[in-house]
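Asker: In the working numbering, the protein residues as written are 722 to 1174.
Note that CB positions come from ideal geometry on N, CA and C, so glycine has one too.
Note that the structure is predicted; figures quoted are calculated from it, not measured.
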Amino acid sequence: MKPAAYSPALIYRSAARRLGWFALGWVLYWPLTAHALSDPLTLEEVLAMTDLPHPDLELAQARVEGAQADVEQARSGSGVRSYLDLTPQSVRPSSGPESGMVGDSRARLTVSKRLYDFGRSRAQEDSAQATVEGRQLVFFDARQRRRIELMSRFFDVLLADLRYAADNETMASAYVAFDRGRDRHELGQVSDVDLLELETRYQQTLVTRTLSQKRQVSSRLQLALALNRPEELPRELVRPTLSGIERAIPEVQLLYAEAQARNPALLALQREAEATRLELSAERARRRPVLTAEGEAAWYEREFNSRDELRATLNLRIPLYQGGEDSAAIAAALARLHEQEARLARAKLDLRQTVLDLVLEAETRKVERAAAQVKIGYRDLYLDRSRALYELEVRTDLGDAMTQMTTAQWEAAQAEYNLALTWAKIDALTGQLLPGQQPTRHLMETKSQEKSQ
C-alpha cells in the first residue's frame, strides 16, 4: 500500500492555489476600459509603452520646451521691431492766430533693428541653444531610466508570483506535518510541546505566504503606476525569453572611456556648463556699444516746419557707467559657471564609481546565474528521484523536493532578471538607445506636431 502522507498535501496545495488566485483576482479587479492591458501581458508590450505619456517624461519635455522658448526670446533681441503710435488730441495754443481748442492729432509708424552689439546677442542665442541641447539629453536619459524602471517592475511581478508559489509549497508541507502531528498526538505518539512546535512552524509559513500574496498585489500596482495606468493592474504576465545577457563583461577603463564620451547625463552637464560660459560672455558684452537703425513715417494734423514725415536714424549707444549693474551681472554669471563646473567634476567622479560598480555587479550576477542554473538542475534531478522513490513507497519527501524545486526556480529567475537589468543599466550609462525606443529628435518632432494640431 502506498504511503498516503502527501495525498492531503496535494489536495490542500491545489485548493490553496485556486483560493489564492481567486482572492487575488478579486483584489486585482478593475473596470474594463477600451484600452485595457493585454492578458497575459508580455515584456515587449510593456516596453513598447516607454514613450507613452508619463509625468516623468512630461516634466523633462516641458523643460525642453521652456529652453526652446528661451532661444526664441534670445533671437528676438536682434530682430526687427515695429510699433504704431496713435495720439488723438486737441490743444489750445499759447500763441498764434488760432483761438480755442484745435486738433493736434498724430500717427507714427516706427521700425527699428539692432544692427550690431559686438557679440552679445549671438552669445545669448548660443547659450540658449546649448541649454536646449542639454535638456534634450536629460529627456533622453529620462526615457532610458523609464525603460529600466518598466523592466524592473515587470520582473518584480514575475518574481512575486514565483515567491508566492515557493512559500505556498512550504506552507502546504508545514500544514501536512502539523496535521499528521495532530493525528499522532491523539494517539499519544507526539507530545504537546512537539505539536506546538509543528503548529508554530505552520503558522510562521502561513504568515510568510500571506506576505508573499500581498507582494503580488503591491508589485502589480507598482507596474501599473509605472505604466501611468493605475486602475489597470495586470493579472497574468508572460515570462520573457531574454537575449543579449551572455555578453562578455567589458574592461572598467574601456567602459569608463565610453561612458565619459556618451553618457547622456554627463553630456547634459557639459552643455549646461557651456551655456553658462556663453551667458558669461553675453554679460561681459554689456559694456560694449550697440548700433541700432531706426526708421519712422509720421502724419500730423497740424503742420510745422520742425515736423518730419519721414526719418531714418543710426544710433550708436556707448555705455559709460551703469551703476555697477554690469559688474553684478558678470559676478552672478561667473558664480553660476563655477557651480556648473563643480557639478560636472562631481558627476565625472560619480560616473567612474558607477562604472566600476556596474562591472562588479555584472560579474557577480553572472556567477549567481550560473550557480542558480546548477542548483535548478540538481533540484530537478532530486525531484525526479523523490518522485520515483515515492512511487516505490521507499521515501515520502516528495513535498520537500517540490518545495525546494520551486524555490530554486525563483532563485534562477531572480538571477537572470538581475543580470538583464545590470546590462540594461550599462547600456543606458553608455548612451546606447535601448531597444524599442524612438530617437530623441523624432520624438520631439512628433510631440510638436501633435501640439500644433
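1) With distance defined between alpha-carbon atoms, name the residue in E918, D888 and N889 nearest to H902.
2) Kindly indicate which residue of L954, A980, E1000 and S811 has the alpha-carbon position closest to the one of P761.
3) Between which two residues does the beta strand (DSSP E) holding E1017 run?
4) Quick check: the Cα distance between Q1174 and V973, rounded to an integer number of angstroms?
5) Is the beta carbon of I1097 closer than 8 Å to that of Q1130?
6) Report back the beta-carbon spacing between R866 and Q943 to the nearest angstrom; my notes put them in contact at under 8 Å.
7) Give me whichever residues DSSP pairs with D777 in a beta bridge.
8) Here's the rule I'm using: 16 or more other beta-carbon atoms within 10 Å means buried, otherwise exposed. How should A1066 be labelled?
9) In whole angstroms, what is the alpha-carbon distance linking L836 and R1007?
10) To the nearest whole angstrom, what separates the beta carbons of R813 and E846, a pair I think is in contact under 8 Å?
11) Assuming D1029 is part of the alpha helix (DSSP H), what are its boundary residues?
12) Once DSSP output is grouped into helix, strand and coil, what is the label at A1006?
13) For the region 817-895, which segments carrying the beta strand (DSSP E) assignment without a break, of at least 3 residues, lie completely within its bounds, in sequence order?
14) Could you work out which residue in E786, T763, R829 and L1081 is closest to E1017 when comparing CA atoms only?
15) Would the beta-carbon of L778 fall within 8 Å of that of R864?
16) Does DSSP classify L1154 as helix, strand or coil?
17) Suppose you measure from the CA of E1089 to the CA of V859; what does that come to, to the nearest Å?
18) Please classify A881: is it buried, with 16 or more other beta-carbons within 10 angstroms of its beta-carbon, or exposed?
19) Could you tell me if T852 is buried or exposed, where buried requires 16 or more neighbouring beta carbons within 10 angstroms of its beta carbon?
20) Please classify L1035: does DSSP put it in a helix, a strand, or coil?
21) I need the boundaries of the beta strand (DSSP E) containing V801, first residue and last residue.
22) Tell me whether S811 sits in a helix, a strand or coil according to DSSP, three-state version.
23) Quick check on the DSSP output: the alpha helix (DSSP H) that includes L675 runs from which residue to which?
24) In angstroms, rounded to a whole number, what distance separates the CA positions of L1154 and A1052?
25) Please check the pair S815 and D825, which I expect to be a contact at CB under 8 Å, by giving their CB distance rounded to whole angstroms.
26) The alpha helix (DSSP H) spanning R983 covers which residue range?
27) Would L976 and V1076 be called neighbours here (beta carbons separated by less than 8 Å)?
28) Measure the CB-CB distance between R1152 and R968 and report whether it falls below 8 Å.
29) Is the region 791-807 in contact with the region 990-1001, if contact means three or more CB pairs nearer than 8 Å?
30) How should N1139 be labelled, buried or exposed, when 16 other C-beta atoms within 10 angstroms of its C-beta is the threshold for buried?
31) What is the DSSP secondary structure of L1140, counted as helix, strand or coil?
32) Do you know offhand how far R1057's Cα is from R1064's?
33) Should V823 go down as buried or exposed, given a rule of 16 or more other Cβ atoms within 10 Å for buried?
34) With DSSP as the reference, label L958 as helix, strand or coil.
35) Please report the distance separating the alpha-carbon of M872 from that of T891.
36) At the level of alpha carbons, what is the spacing between D921 and A1145?
Answerer: To lay it out plainly:
1) Going by the sequence as given, residue 902 is Gly instead of His. Nearest of E918, D888 and N889 to G902, Cα basis: E918.
2) L954
3) V1011 to Y1021
4) Model confidence at Q1174 stands at a pLDDT of 43, short of 50, so the residue's coordinates are unreliable; what they give is reported in the following sentence. Roughly 48 Å between the two C-alpha positions.
5) yes
6) Wrong, their Cβ atoms sit about 15 Å apart, outside the cutoff.
7) Paired residue(s): none; D777 is not in a bridge.
8) exposed
9) 15 Å
10) At roughly 51 Å, the Cβ-Cβ gap does not stay under 8 Å, so R813 and E846 are not in contact.
11) It is not in any alpha helix (DSSP H) - D1029 carries neither H nor E in the DSSP assignment.
12) helix
13) 827-837
14) R829
15) yes
16) coil
17) 33 Å
18) buried
19) buried
20) strand
21) V801 to T808
22) strand
23) No information on residue 675 is available, as it lies outside the stretch 722 to 1174 that the chain covers here.
24) 40 Å
25) Their Cβ separation, rounded to whole angstroms, is 13 Å, which puts S815 and D825 out of contact at 8 Å.
26) V973 to R983
27) yes
28) The residue asked about is misnamed: residue 1152 is Gly in this sequence, not Arg. No, the pair does not count as a contact, with Cβ atoms beyond the cut-off.
29) no
30) buried
31) helix
32) 11 Å
33) exposed
34) strand
35) 29 Å
36) The residue you asked about is not Asp; residue 921 is Thr in the sequence shown. Their Cα atoms are separated by approximately 43 Å.
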